[in-house]
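In what follows, a structure is listed as structure tokens, so that the remarks can point back to it.
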Ligand code: PLP
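Numbering (our numbering), first residue to last: 4 to 409.
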């Protein structure tokens, strides 16, 4: 895609036209949540204006339109990541998805002495549920080391991939370091050792073509709001044999076949794991989001973001006293950095006054920060709708902040 096309794409995002503190918004926080294109906003709006009803409960026209829209979104989402829709459970996000694996799959299977391997670069969403399960079962959570550049240390992981390890929790892309992990290779090693793999795809699905079927994992979780969809949407894919063997996590409406006081029988997956009224309009919006991204093309998006990443990395590296945290060979457009003598929170607060939105803090990865020996980093995360001019604005903003702080 050429530059003119990306300029046109940017106009699809109404929020990017607004000003913040009297300055044009420069949104560099897409790893936190992505902005929404007009197509998504309209799909949600139209659902509420024209089709709103509950799913699977009503025989009336609106009920069947809502059900069709919701199931249509599941099909679109499944096609987007190359899996069968029946193997894709819709969740409120990655957090719920991983908790579902933890409580429904891991809890009944683990026992004292078992090991759950968790990489040092996991978001709390792919660590805390494992700690909770470990507490209940007597299993132990053991960290998987990373190298100085922020890649998984494959040689030590190879040693860990054997009994008593039972599970491996690994992120596809780090939300702090930007590292793209070789998950297909790692899942193949784990599979050989009989270890179940749970991949957190939250930061991968928005930025590159993801073919879950080709990764060879057991579970793959991702979240809708980072894929330009509404908040409160996400999905969990699992191998069919796992869905069939797992008991439901939540009980209630929608997930049952027949309920008697003596005994309840359950619906088939994926519905067995979707108790209660889902975020129907949200999923309709998510369906529109993945359709929008597919029209742009995930290869084109990945290429565009790699160009922005290269430009931003090179410009940031030239800033005196600035250190990029996470220098893996294969990275997504996430750049964490520290500047000598400037606290990450002060920098982010002062950049905000310039209209520039970056994130500062621990990025829901406390153990990674402890391992790196830093309390917080500043993080600029780019999406295809960003521009090199915005990267320039960040560099100029940093220079102004430093002058301000003397
Ligand atoms: N995993 C990673 C790598 C993330 O970046 C995030 C969100 O920041 C999550 C999990 C949690 O996603 P959600 O809050 O949508 O469940």
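For every residue, glycine included, the Cβ atom is placed at its ideal position computed from N, Cα and C.
Does residue 172 pass the burial test, meaning 16 or more other C-beta atoms within 10 Å, or should it be called exposed? Counting from 1 along the chain shown, the entry for residue 172 is found at position 169. Looking at its Cβ environment, which holds 16 or more other Cβ atoms inside 10 Å, residue 172 is buried.
Let me check one thing: in DSSP terms, what residues is residue 325 bridge-paired to? Here the question's residue 325 lines up with position 322 in the chain shown. Looking at the DSSP assignment, residue 325 forms a beta bridge with 342.
Are at least three pairs of beta-carbons, each pair with one atom in the stretch 47-55 and one in the stretch 254-263, less than 8 Å apart? no
Are residue 132 and residue 102 close, meaning C-beta to C-beta below 8 Å? For the purposes of this step, residue 132 is taken as the residue at position 129 of the chain shown. For the purposes of this step, residue 102 is taken as the residue at position 99 of the chain shown. Yes. Within cutoff.
Can you give me the start and stop residues for the alpha helix (DSSP H) that residue 242 sits inside? Here residue 242 refers to the residue found at position 239 when the chain shown is read from its first residue. No alpha helix (DSSP H) contains residue 242, which DSSP labels as neither H nor E.
Are residue 123 and residue 374 touching if we call contact CB-CB under 8 Å? Along the chain shown, one-based indexing puts residue 123 at 120. Along the chain shown, one-based indexing puts residue 374 at 371. In contact: residue 123 and residue 374 (Cβ atoms closer than 8 Å).
Are there any heavy atoms of ligand 1 lying less than 7 Å away from the beta-carbon of residue 206, as far as the coordinates show? Your numbering for residue 206 matches position 203 in the chain shown. Yes; taking the cut-off as 7 Å, the Cβ of residue 206 has a heavy atom of ligand 1 nearer than that.
Just to confirm, does residue 174 get its C-beta within under 7 Å of one of the non-hydrogen atoms of ligand 2? The model depicted lacks ligand 2 and carries ligand 1 instead.
Would you kindly report the start and end of the unbroken beta strand (DSSP E) that includes residue 88? Position 85 of the chain shown holds residue 88. Segment: none, residue 88 is in no beta strand (DSSP E) and carries neither H nor E.
Apart from the five residues on each side of it in sequence, which residues of its chain come closer than 6 Å, Cβ to Cβ, to residue 159? For this step, residue 159 is matched to residue 156 along the chain shown. 148.
Among 146, 380 and 318, which residue has its Cα nearest to the Cα of residue 393? Your numbering for residue 393 matches position 390 in the chain shown. When only C-alpha atoms are compared, the closest one is 318.
Member of 129, 113 and 153 whose CA lies at the smallest distance from the CA of residue 141: Taking the first residue of the chain shown as position 1, residue 141 is located at position 138. The shortest C-alpha separation from residue 141 is found at 113.
Would residue 358 and residue 23 be called neighbours here (beta carbons separated by less than 8 Å)? Within the chain shown, residue 358 is the residue found at index 355, counting from 1. Within the chain shown, residue 23 is the residue found at index 20, counting from 1. Cβ distance < 8 Å, so residue 358 and residue 23 count as in contact.
Cβ-Cβ separation, residue 271 to residue 245 (assumed contact under 8 Å), whole Å: For the purposes of this step, residue 245 is taken as the residue at position 242 of the chain shown. For the purposes of this step, residue 271 is taken as the residue at position 268 of the chain shown. That belief does not hold up - the Cβ atoms of residue 245 and residue 271 are roughly 14 Å apart, past 8 Å.
Just checking, does the stretch 69-79 make contact with the stretch 175-194 on the three C-beta pairs under 8 Å criterion? no
From what residue to what residue does the beta strand (DSSP E) around residue 412 run? Lying outside 4 to 409, the shown extent of the chain, residue 412 is not represented and no answer is given.
In chain order, which alpha helix (DSSP H) runs of at least 4 residues are fully inside the stretch 70-130? 97-103
Going by DSSP, which residues form a beta bridge with residue 261? Here residue 261 refers to the residue found at position 258 when the chain shown is read from its first residue. Bridge partners of residue 261: 268.
Is any heavy atom in ligand 1 found nearer than 7 Å to the beta carbon of residue 221? Against the chain shown, residue 221 aligns to sequence position 218. Checking the Cβ of residue 221 against ligand 1 gives no.
DSSP state of residue 5 mapped onto helix, strand, coil: Sequence index remark: in the chain shown, residue 5 carries index 2 (1-based). In this prediction, residue 5 has a pLDDT of 48, which is less than 50 and means its spatial position is unreliable; what the coordinates show is noted afterwards. Residue 5 falls in the coil class under three-state DSSP.
Quick check on the DSSP output: the alpha helix (DSSP H) that includes residue 391 runs from which residue to which? Along the chain shown, read from residue 1 onward, the residue named residue 391 stands at position 388. Where residue 391 is concerned, the enclosing alpha helix (DSSP H) stretches over 391-407.
Hey, would you say the C-beta of residue 333 is under 7 Å away from at least one heavy atom of ligand 1? Here residue 333 is taken as the residue at index 330 of the chain shown, counted from 1. No, the beta carbon of residue 333 sits no closer than 7 Å to any heavy atom of ligand 1.
If you run the structure through DSSP and keep just helix, strand and coil, what is residue 132? Residue numbering aside, residue 132 sits at position 129 when the chain shown is read from its first letter. Three-state result, residue 132: helix.
Could you check if residue 365 belongs to the surroundings of ligand 1, using beta carbon to heavy atom distance under 7 Å? On the chain shown, residue 365 is found 362 positions in, with the first residue counted as 1. Outside the cutoff, so no.
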